[in-house]
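Novice: Let me begin by handing over the structure; questions about it come next.
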Amino acid sequence: MTDWIRVLIVDDIEETRMNLRKALSFESRIDVVAEAENGFQAIDFACKYKPDIILMDINMPDMDGIQATERISLKCPSANVIVISVQREQDYLRKAMLAGAKEFLIKPFSPDELIQAVITVYEKNKQRAVQVYAHQILEQGYVQSPKIITVFSGKGGVGKSLIAANLAAGLNQRNKKVVVLDLDLMFGDIAAMFNLKVKETIYHVVQEIERLDAESLLSYLYETNSGVRVLAAPLRPEQSEVVTGKHVEKILRLLKETHDYVIVDTPAQLTDPVLALDSSNLTLLVNTLNIPVFRHNRTVLEVMDAVNYPTDRVRLIINRADLDTGIKPKDIKTALGMEPYSLLPEDKYADLSINRGEPLIEMKPGSKWAKQMNKLIEMISAEDERSKSESWLSRFVWKKKRK
Ligand SMILES: Nc1ncnc2c1ncn2[C@@H]1O[C@H](COP(=O)(O)OP(=O)(O)OP(=O)(O)O)[C@@H](O)[C@H]1O
Ligand SMILES: [Mg+2]
C-alpha cells in the first residue's frame, strides 16, 4: 500500500475547498488529487481518481453529501469518506455514518485535527485491507505451488530491475498474486520503478523477524494501483548490512504462503542474501551483447554448479539483443553453452517508463520489447502449468503404484 494518501475534497464553496487544500499541504504524505463542487461530481471523481480519502461537505445544492456518500460507498467502496459539517445535530451524523462515512469532523477544526483524521482513517483502512486479504487467502487455503523467480546477472546495469518489474506486472495482469522482493539491498530501485513512496522496508522486517508470520509480513508490503506488491530495499545503504541469508530464507518462505509468484531483483554480486536464493524455482540470467557481461555470467554459472544449483532452472535472457556491438546472441550461446530463452530488444522508452514509475508493458504495450516480454511471461506461465500437472500426475502414478 502506497504511503501517499490521495485525497478528494468535496465542497460547493471554492474558498472552503482552498482552505482545506491549504491545511492539508502541511502534511507531505497527503496529495489532494481533485476537488469536486457538488455531489454528482464527487461520485464521478471518486471513481475516476480512486482517492483513499474523501472530505465531504454535507450541505450542498442538488445532491447533498449524505446522498453522495451513499452512492460512493456502493460504487467505489475503496474510498473512505470523512464527513465535514457545521451541523451538530445527531441526526445528520447518524445518517452520514449509515450512508457509509468512516469519520466526521465538526467545523471549526484546526489543520492538525484535519490531518490527524485523514491519517487515522487511512491507516485503519490499510490495516483492515491487510486483514481482509490475509483472511481471504487463509480461507482459500495456502497458495498452491508458489514459485520464486530470481532475476540475476554477474554484471550491473544490464536491465535486471526493468525485467523484474515488468515480469511482476505481466504476471499480475494474468491474475496471479505477485510480490517483488528487492534484494538489491544497497541501491534497490524496485519501489521507484512502480512509483511507490515507501517508509518501511526489508530493514524494518528484519527487526521483527523472530515474531514474523505470513500475515504480519503483509503489512510491510506496498501495493501498486494495479495490485503488484513490493517488499522494498532499505532506504539507506548502511541499513543493508543487517539483512542475512537466514532472514531472506524466512522472508521467502512466508511470502510464498500468500503469493503465486515471488519475483526477486538482485544486485550484481553473490552476497549472502543472494546465495539464499538457492530455493529459487527459476533464475533468469540477464546478459547484454557485451563481453564482460557474459564473461561474468560464465563465472556465475560455474558458481551455481559448485553450490549444486540445478542449471536446468537457469534461463538465459539477452537484453538489448538487437544492438550492433560486434557480438551476436549466438556468440553468447557458444560462450555459456546454453540456448537463449528470450531476446529482448533495445527500447527507447525504457528510461521514460522507469522515470514515470510505470512498467513498460503497461506504458507501451504495443512495443516490440513489451511483446517479447509478454512472450517470455507466457513461456514461464506455460512451464509452471506443465510442472503443476506433472507433479499432480506423478503423485497420482505414485499412489497407484502403492496400491
Ligand atoms: N532493453 C532496453 N532498452 C533500452 N534501455 C534499457 C533496456 N534495458 C535496460 N535499459 C536501461 O538500462 C539501465 C539499467 O537498467 P536496470 O536498472 O534495469 O539494470 P540493472 O541490471 O537492474 O542495474 P543495477 O545493476 O544497477 O541494478 C536503465 O537506464 C534502463 O532504462
Ligand atoms: Mg537493478
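Everything in the sequence shown is counted per the numbering used here, starting at 7 for the first residue and increasing by one. All C-beta atoms in this analysis are idealised placements derived from N, C-alpha and C, irrespective of residue type, glycine included. All figures in this text were calculated on a predicted structure; none of them were measured in a lab.
1) Measuring alpha carbon to alpha carbon, tell me which of G194, I196 and Y228 ends up nearest E206.
2) Report yes if the CB atom of I64 is closer than 8 Å to the CB atom of D58, and no otherwise.
3) Please state whether the Cβ-Cβ distance between D266 and V186 is less than 8 Å.
4) From V138, P351 and G363, pick the residue whose C-alpha is nearest to that of D330; which is it?
5) When you compare each of K113, P316 and I78 to E95 by their alpha carbons, which one comes out closest?
6) Given a threshold of 16 other Cβ atoms within 10 Å of its Cβ, counted over all protein chains shown, does D390 qualify as buried or as exposed?
7) Please list, in chain order, all residues of the same chain as T156 whose beta carbon is under 6 Å from its beta carbon, the five residues on each side excluded.
8) Have a look at N178 and R235 and give me their C-alpha separation to the nearest angstrom.
9) Give the straight-line distance between the Cα atoms of V89 and L366, rounded to the nearest whole angstrom.
10) Mind checking W404: buried by the 16 CB within 10 Å criterion, or exposed?
11) Shortest alpha-carbon distance to K374 belongs to which of V16, D97, Y355 and N303?
12) In this structure, how does DSSP classify L26 when only helix, strand and coil are distinguished?
13) Assuming the contact rule is C-beta atoms closer than 8 Å, P346 and I360 should be a hit. Round their C-beta distance to whole Å, please.
14) Secondary structure at N178, three-state DSSP: helix, strand or coil?
15) Would DSSP call D311 helix, strand or coil?
16) What does a CB cutoff of less than 6 Å around T294 pick up in its chain, not counting 5 residues either side in sequence?
17) At what residue ranges does the segment 301-346 contain a whole run of the beta strand (DSSP E), taking only runs of 3 or more?
18) State the DSSP-derived secondary structure class of T230, mapped to helix, strand or coil.
19) With H, G and I counted as helix, E and B as strand and the rest as coil, what does DSSP make of D37?
20) Looking at V123: is its Cβ nearer than 8 Å to the Cβ of L111?
21) Using a 10 Å radius around the Cβ and a threshold of 16 neighbouring Cβ atoms, would you call D353 buried or exposed?
22) Could you give the residue range of the beta strand (DSSP E) that holds R12?
23) Let me check understanding here. Comparing Cα to Cα, which of M369, M62, K161 and L258 lies closest to K153?
24) Whole-angstrom Cβ separation of L218 and K256, contact assumed at under 8 Å?
25) Name the one or two DSSP bridge partners that D188 has.
26) Mind checking whether the beta-carbon of S359 lies closer than 7 Å to any heavy atom of ligand 2?
27) Applying the 10 Å Cβ sphere with the 16-neighbour rule, what's the burial state of S84?
Specialist: Looking at the atomic coordinates:
1) Y228
2) Inclusion of I64 and D58 in the CB contact set at 8 Å is not warranted, their separation being larger than that value.
3) no
4) P351
5) K113
6) buried
7) V270, L283, S286 and T289
8) 10 Å
9) 39 Å
10) For W404, the predicted structure reports a pLDDT of 42, less than 50, and the residue's modelled location is therefore unreliable. A value from the coordinates is still provided. W404 should be labelled exposed.
11) Y355
12) helix
13) The C-beta distance from P346 to I360 rounds to 24 Å, too long to fall under 8 Å, and the pair is not in contact.
14) DSSP places N178 in helix when its eight states are reduced to three.
15) D311: helix per DSSP, three-state reduction.
16) Taken in chain order, the residues that qualify are V164, N325 and R326.
17) 320-325
18) coil
19) strand
20) In the sequence on display, residue 123 carries Ala and not Val. For A123 and L111, yes; Cβs fall inside 8 Å.
21) D353 comes out buried.
22) I11 to V16
23) L258
24) 7 Å
25) D271
26) no
27) exposed
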